[in-house]
Amino acid sequence: MDAYANFINGTITLFSDPMGILIFFGGVVGGMLFGAIPGVSMLTLAAILLPFTAHLSAEHGIMLFSVIYCTGVYGGAITAILFNIPGAPENAPTAFDGYAMTKNGEAGRAVGAAVMCSAIGGTVAAVIMMLATAPIANWAISAFGPPEIFALVFFGLAVAATVGAKTLWKGWLSILVGLLIAVVGMDPVGGIERYDFSMPYLLAGIHFIPTILGFFAVSEIFIQAEKKATGSFIAPKISVDFPSVAELIAHKVAVIRSIVIGFFCGVLPGIGATLAAFMGYNEAVRWSKDKSQFGKGKLEGVISSETANNAATGAAMIPLLALGLPGGALTAMMVGVFQMHDMEPGPLVFLNSPDLVWVVFAAMFFANLSILLVGYLETKTIINLLRIPFQFLAPLILLLATVGAYAVRGLVIDVLVMFIAGAAGFFLRRSGYSLAGIVLGLILGKIGEQTFAQAMQMLHFEWLGFLDRPIASALIAAAFLTILSSIYSAFFKKHAQ
Amino acid sequence: MGSNKFLMTAGSMLAATIFSASSAYAACATDGLPGTMAKPGGFPERSLAMIVPYGPAGGSGQVAQAMAQAVTELTGVSINRDHKPGGSGTVGMTAYLAMPTDGYTVLEHIDDASSAHALDSGRPNPAEDLIPLVISQITFSQIYIRTNEDRFTDWDSFVNWVKAQDGKATIANVSKEGSMERINMKYLTDATGMKIQQISFDKGAPRYGALAGGQVDALFEQPGDVRKFLDSGTFRPILTLLHSRPGVFADVPSLKDAGFDFEPLLRFRGFYVHKDAPADRVEWLQWAFQKGFCEPSYQAFNEKKFMNLIESYRDTAGAKELITGTIAQYRQVYKELGLEVK
């Protein structure tokens with residue numbers, strides 16, 4: 013009941029102040045817009061706004077950032093679905109089936125599912141956050157050290173190898189290519205310079221955002237341009253029909269599973285929404301009776317990815333608020349907002365500033381709900397962008413993608429990487445390799461390498477040390493079971509044919 | 011310790027002016043500089059750019075934001091920050107050196123630039139290839155444990171416990187070999203004879219989470235970075251890597267108290283301009299950034315980050331002395347470690 017009373021008080025405080033309402037809706041709309049434009053993500057908006065938050069009250073500043081976080085993660089789904097351009101890395105899995113649905117004339121259903129599932133995932137996570145922030149945060153950091161996170165990554169890769177490629181071997185090769193790209197640059201353990209070919213800019217490694225933009229947006233432009241040139245181009249049909257409630261209820265298992273996965277990934281410092289989205293998608297494929305339909309426009313793919321990434325937003329606030337541990341770039345910027353107001357996130361915030369905490373909780377709850385309304389209105393209008401003829405739309409997408417790739421780190425090499433990835437994607441997509449697998453190998457490879465090295469240091473370089481840690485050993489066992497079962501299935505299928 | 015005499019000589023420069031800033035507000039280091047300075051030839055006619063070789067949320071990002079704000083408050087000239095993270099500052103440095111040398115672009119950098127040059131003289135020397143405008147943050151390191159830790163309670167009991175673990179004890183530290191943190195830990199392990207496994211974390215949050223969650227036994231860090239954990243009573247320091255005790259940590263033993271005579275390496279952050287920038291523009295930038303150090307907003311920022319416990323300010327000459335001494339110290343240690351010093 014305390015939580016309920018606090019929530020009501022937070023809501024009253026939030027909506028009884030005109031300035032608070034203005035900032036709340038500014039954050040909702042701003043997050044969605046910046047999230048939807050490739051490259052200029054919610055992080056760009058947050059970085060622009062950071063100095064100005066010094067002129068806001070602490071409640072307003074932190075509330076603004078938390079609202080941007082919620083709606084920004086959703087916003088990136090729109091361009092992922094309509095143009096195969098994930099607005100942010102956490103929307104990349106949304107593009108797998110979302111864009112295929114657009115090509116099938118089901119853009120409205122895909123965007124509608126993203127709207128509803130983002131709202132559901134985010135709202136449920138916000139409620140859990142309100143009820144149990146402190147115990148969850150303490151559990152996460154004590155139960156999940158580097159060995160467990162490495163085991164989680166290993167499990168994620170094992171599942172990902174079965175997704176999106178024509179054969180299991182191509183799936184694993186895709187993952188391995190991603191892992192290989194991930195080792196370019198300075199190693200995360202000893203600072204050793206690797207595969208930089210005497211190019212200092214490569215020391216920063218290959219960033220996954222230009223790679224995603226290249227694989228998805230640029231290669232898609234190339235493919236559509238080829239179709240246009242050969243006369244086989246078919247413009248996507250426009251549809252603004254939302255999925256029915258019955259359809260969502262039919263996917264209730266996927267929604268619940270993705271909430272759990274998203275929340276779980278979000279609560280781990282340094283993991284966050286990107287892994288959540290990929291894991292949510294991968295698990296949807298893994299448990300599906302008809303895996304072959306994924307990547308071809310299956311609604312469940314969009315539902316799983318978008319539910320998981322928004323569930324991660326609420327969860328990521330837990331270690332931030334309870335322990336002062338930011339889970340990603342945006343929550344790290346929120347630490348800056350706290351500090352500008354002479355505060356530090358962590359246990360003392362609950363003691364010293366409970367009003368602030370509950371205004372933030374209430375704002376996140378309502379921001380997720382507002383995705384339903386604003387997202388609905390946005391969807392009805394933004395889908396009409398598909399009416400723009402390809403010859404005008406394609407250069408615009410290329411321009412946005414180029415700006416987006418450069419904006420990540422201000423490095424021209426990222427633009428080159430994007431175009432190289434685009435060209436590679438153009439050929440790889442025809443040959444049955446999984447671009448998602450490469451991207452996931454790249455993203456998880458960096459996390460996995462670091463946590464593996466940390467784990468080995470913690471376990472004193474004894475491999476069997478993983479078995480002394482129940483969660484790590486369970487995840488590794490699950491990973492091996494996945495690998496074995498996929499090999500068995502591939503072998504069985506081959507012989508059955 | 012055969013090199014100890016050398017290190018004491020090199021380090022004495024660092025230590026000589028360390029303790030003088032406890033009352034930074036009362037008399038700030040650049041109060042003697044003029045309050046205004048005419049713009050040479052109208053410079054700057056537009057916004058300045060600042061390349062920051064690290065992300066916006068870390069220590070460099072924060073100090074860059076605070077200094078940019080202070081200089082803007084002082085001069086009315088806005089500064090656009092351009093973050094180019096990667097390669098332990100190498101990417102940002104490379105990008106900076108490719109910029110026009112017209113004085114419109116400045117660089118934020120930390121002591122990593124000095125250690126990189128110490129290992130490879132082909133890398134830029136921040137004291138010679140650049141002109142330090144100001145060093146605005148200098149801080150020391152500490153060893154932290156959880157406040158609710160019951161296996162050891164202070165430095166002595168910690169060392170004894172670590173020795174009893176026969177190499178199984180762990181401490182969270184940064185990842186880069188040859189970094190300030192790793193070298194200081196080498197000093198400590200050499201001096202105590204303890205064997206402790208360092209766990210490599212390149213980001214702060216997982217590093218702090220590892221200690222808070224009991225994944226590691228101790229943490230090597232600077233006090234400003236873990237202030238929230240100190241204020242909340244989650245962590246507490248058991249050793250200060252200085253020869254004297256700063257007032258705020260009066261109950262924490264210093265190196266001298268613990269019986270160590272090595273000279274610890276310090277973390278420092280500062281602002282630079284290319285050596286080929288026009289002299290009159292450099293002079294104006296020196297005035298703006300040095301005066302910016304004493305702006306109330308910047309002083310408040312440094313106080314909040316525990317950067318007022320030792321003297322955090324160096325002007326151009328002082329910065330060159332600090333950097334040169336640091337490079338010499340790193341180079342000596344690298345040779346002792348058997349690293350190839352180019």
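One line per chain: the protein sequences are D and C, in this order. My numbering puts the last residue of the first sequence at 509; the count rises by one with no breaks. My numbering puts the last residue of the second sequence at 352; the count rises by one with no breaks. Backbone N, C-alpha and C define an ideal beta-carbon position, used for all residues, glycine too. Fair warning: this is a prediction, and the values are worked out from it, not measured in the lab.
Minimum C-alpha distance to residue 296 of chain C - residue among C/311, C/270, C/328 = In the second sequence, the residue the question calls residue 296 of chain C occupies position 286. It is C/328 whose Cα lies nearest to the Cα of residue 296 of chain C.
Residue 87 of chain C vs residue 58 of chain C beta-carbon contact at 9 Å | Within the second sequence, residue 87 of chain C is the residue found at index 77, counting from 1. Within the second sequence, residue 58 of chain C is the residue found at index 48, counting from 1. The Cβ-Cβ distance between residue 87 of chain C and residue 58 of chain C falls below 9 Å.
Closer than 8 Å, Cβ to Cβ, to anything on chain D: give me those residues from the stretch 180-191 of chain C, in chain order.
-> Look at the stretch 180-191 of chain C: the residues with a C-beta under 8 Å from a C-beta of chain D are 180, 185, 186, 187, 188, 189.
Helix, strand or coil for residue 35 of chain C, going by three-state DSSP, please let me know.
-> Within the second sequence, numbered from 1, the residue matching residue 35 of chain C stands at position 25. At residue 35 of chain C the pLDDT is 45, less than 50, meaning the model places this residue with poor confidence; the figure from the coordinates comes in the next sentence. Residue 35 of chain C: coil per DSSP, three-state reduction.
Would a check of beta-carbon distances place residue 224 of chain C closer than 9 Å to chain D?
-> Position 214 of the second sequence, counted from the first residue, corresponds to residue 224 of chain C. Closer than 9 Å to the CB of residue 224 of chain C there is at least one CB belonging to chain D.
What residues are listed by DSSP as bridge partners for residue 92 of chain C?
-> Taking the second sequence and counting its residues from 1, one reaches residue 92 of chain C at position 82. Note: residue 92 of chain C sits in a beta bridge opposite C/61.
Along chain C, which residues have their Cβ under 8 Å away from the Cβ of residue 305 of chain D?
-> Numbered from 1 along the first sequence, position 293 holds the residue referred to as residue 305 of chain D. The premise fails here: residue 305 of chain D is roughly 38 Å from chain C at the closest Cβ pair, so nothing lies under 8 Å.
Using the C-alpha atoms, what's the distance from residue 137 of chain C back to residue 34 of chain C?
-> Within the second sequence, residue 34 of chain C is the residue found at index 24, counting from 1. Within the second sequence, residue 137 of chain C is the residue found at index 127, counting from 1. Below a pLDDT of 50, predicted positions are generally treated as unreliable, and residue 34 of chain C, at 41, falls in that range; no measurement from the model is reported.
Kindly confirm or deny that the stretch 248-265 of chain C and the stretch 163-170 of chain C touch, where touching means at least three C-beta pairs closer than 8 Å.
-> Using a Cβ-Cβ distance cut-off of 8 Å, the stretch 248-265 of chain C and the stretch 163-170 of chain C are in contact, since at least three pairs of beta carbons, one from each stretch, lie closer than that value.
Compile a chain-ordered list of the residues in the stretch 457-471 of chain D whose CB is closer than 8 Å to at least one CB of chain C.
-> If the cut-off is 8 Å between Cβ atoms, the stretch 457-471 of chain D has 462, 465, 466, 469, 470 near chain C.
What do you get for residue 246 of chain D, buried or exposed, if any count of 16 or more other CB atoms within 10 angstroms of its CB means buried?
-> Within the first sequence, numbered from 1, the residue matching residue 246 of chain D stands at position 234. Exposed.
Look up residue 147 of chain C in the DSSP assignment and say whether it is helix, strand or coil.
-> Looking up residue 147 of chain C in the second sequence gives position 137. DSSP places residue 147 of chain C within a strand segment (E or B) once states are collapsed to three.
List the DSSP bridge partners of residue 183 of chain C.
-> Counting from 1 along the second sequence, the entry for residue 183 of chain C is found at position 173. Beta-bridge partners of residue 183 of chain C (DSSP): C/210.
Residue 153 of chain D touches chain C at which residues, Cβ-Cβ below 7 Å?
-> As a position in the first sequence, residue 153 of chain D is number 141, starting the count at 1. Residues of chain C passing the Cβ test: 219, 222, 223.
Neighbouring residues, chain C, relative to residue 476 of chain D (Cβ below 7 Å) | As a first step, residue 476 of chain D must be located in the first sequence, where it is residue number 464. Those within 7 Å of residue 476 of chain D in chain C number zero; the least Cβ separation is about 15 Å.
By the 10 Å Cβ neighbour count, where 16 or more other Cβ atoms means buried, how is residue 186 of chain C classified, buried or exposed?
-> Counting from 1 along the second sequence, the entry for residue 186 of chain C is found at position 176. When all chains shown are included, residue 186 of chain C counts as buried.
Along the stretch 63-91 of chain D, what residues have a CB closer than 7 Å to any CB found in chain C?
-> Answer in chain order: 63.
Would you say residue 170 of chain C and residue 230 of chain C are within 9 Å of each other, going by their C-beta atoms?
-> Numbered from its first residue, the second sequence carries residue 170 of chain C at position 160. Numbered from its first residue, the second sequence carries residue 230 of chain C at position 220. Contact flag unset, no.
How would you list, in chain order, the residues of chain C whose beta-carbon sits under 7 Å from the beta-carbon of residue 59 of chain D?
-> Locating residue 59 of chain D in the first sequence gives position 47, counting from the first residue. Under the 7 Å cutoff, chain C gives 66.
Identify, in the order they occur along the chain, each residue of the same chain with its Cβ nearer than 6 Å to the Cβ of residue 171 of chain D, setting aside the five sequence neighbours on each side.
-> Position 159 of the first sequence holds residue 171 of chain D. Around residue 171 of chain D: 294, 298, 494.
Kindly say whether residue 208 of chain C, judged by its beta-carbon, lies nearer than 9 Å to any beta-carbon of chain D.
-> Position 198 of the second sequence, counted from the first residue, corresponds to residue 208 of chain C. So, interface residue.
Does the beta carbon of residue 101 of chain C come closer than 9 Å to any beta carbon on chain D?
-> Position 91 of the second sequence, counting from 1, holds the residue named residue 101 of chain C. Interface with chain D (9 Å Cβ-Cβ cutoff): residue 101 of chain C is included.
For residue 293 of chain D, return the contacting residues in chain C, with the cut-off set at a CB-CB distance below 7 Å.
-> Within the first sequence, numbered from 1, the residue matching residue 293 of chain D stands at position 281. Within chain C, no residue has its beta carbon less than 7 Å from that of residue 293 of chain D; the closest one is some 25 Å off.
Whose C-alpha, out of C/333, C/285, C/273, is nearest the C-alpha of residue 107 of chain C?
-> Indexing the second sequence from 1 puts residue 107 of chain C at position 97. It is C/285 whose Cα lies nearest to the Cα of residue 107 of chain C.
Using a Cβ cut-off of 9 Å (strictly closer), state whether residue 200 of chain D contacts chain C.
-> Within the first sequence, the letter at position 188 stands for residue 200 of chain D. Residue 200 of chain D counts as touching chain C.
Under 7 Å Cβ to Cβ from residue 477 of chain D, same chain only, skipping five residues before and after it: list those, please.
-> Looking up residue 477 of chain D in the first sequence gives position 465. If we look at residue 477 of chain D and ignore the five residues flanking it on each side, its Cβ neighbours are 471.
Best match in D/200, D/122, D/187 for proximity to residue 113 of chain D [C-alpha to C-alpha] = Stepping through the first sequence from its first residue, residue 113 of chain D is reached at position 101. Considering only alpha carbons, the answer is D/122.
Hey, is the stretch 305-322 of chain C in contact with the stretch 76-87 of chain C, meaning 3+ C-beta pairs nearer than 8 Å?
-> With the cut-off at 8 Å, the stretch 305-322 of chain C and the stretch 76-87 of chain C touch.
With respect to the alpha helix (DSSP H) encompassing residue 225 of chain C, which residues constitute its N-terminal and C-terminal limits?
-> Indexing the second sequence from 1 puts residue 225 of chain C at position 215. Element bounds for residue 225 of chain C: n/a, residue is neither H nor E.
Span of the alpha helix (DSSP H) holding residue 39 of chain D?
-> Within the first sequence, the letter at position 27 stands for residue 39 of chain D. That run of the alpha helix (DSSP H) goes 30-48.
Burial state of residue 91 of chain D (16 or more Cβ within 10 Å) = Numbered from 1 along the first sequence, position 79 holds the residue referred to as residue 91 of chain D. Here residue 91 of chain D is buried: its Cβ has 16 or more other Cβ atoms, across all protein chains shown, within 10 Å.
Grab the span of the beta strand (DSSP E) containing residue 326 of chain C for me, first residue to last.
-> Sequence index remark: in the second sequence, residue 326 of chain C carries index 316 (1-based). Here residue 326 of chain C belongs to no beta strand (DSSP E); instead the alpha helix (DSSP H) covers 326-347.
Selection from C/206, C/263, C/115, C/97 that minimises the alpha carbon distance to residue 53 of chain C = Here residue 53 of chain C refers to the residue found at position 43 when the second sequence is read from its first residue. By alpha-carbon distance to residue 53 of chain C, the top candidate from C/206, C/263, C/115, C/97 is C/115.
What's the gap between the Cα of residue 422 of chain D and the Cα of residue 145 of chain C?
-> As a first step, residue 422 of chain D must be located in the first sequence, where it is residue number 410. As a first step, residue 145 of chain C must be located in the second sequence, where it is residue number 135. For residue 422 of chain D and residue 145 of chain C, the distance between alpha carbons rounds to 25 Å.
Under 7 Å Cβ-Cβ, which residues of chain D neighbour residue 104 of chain C?
-> For the purposes of this step, residue 104 of chain C is identified with residue 94 of the second sequence, where counting begins at 1. Simply 212, 213.
Rounded to whole angstroms, what's the CA-CA distance from residue 31 of chain C to residue 39 of chain C? Just pull it up for me.
-> Within the second sequence, the letter at position 21 stands for residue 31 of chain C. Within the second sequence, the letter at position 29 stands for residue 39 of chain C. Caution is warranted here: a pLDDT of 42 is assigned to residue 31 of chain C, below 50, making its placement in the model unreliable, and no coordinate value can be reported.
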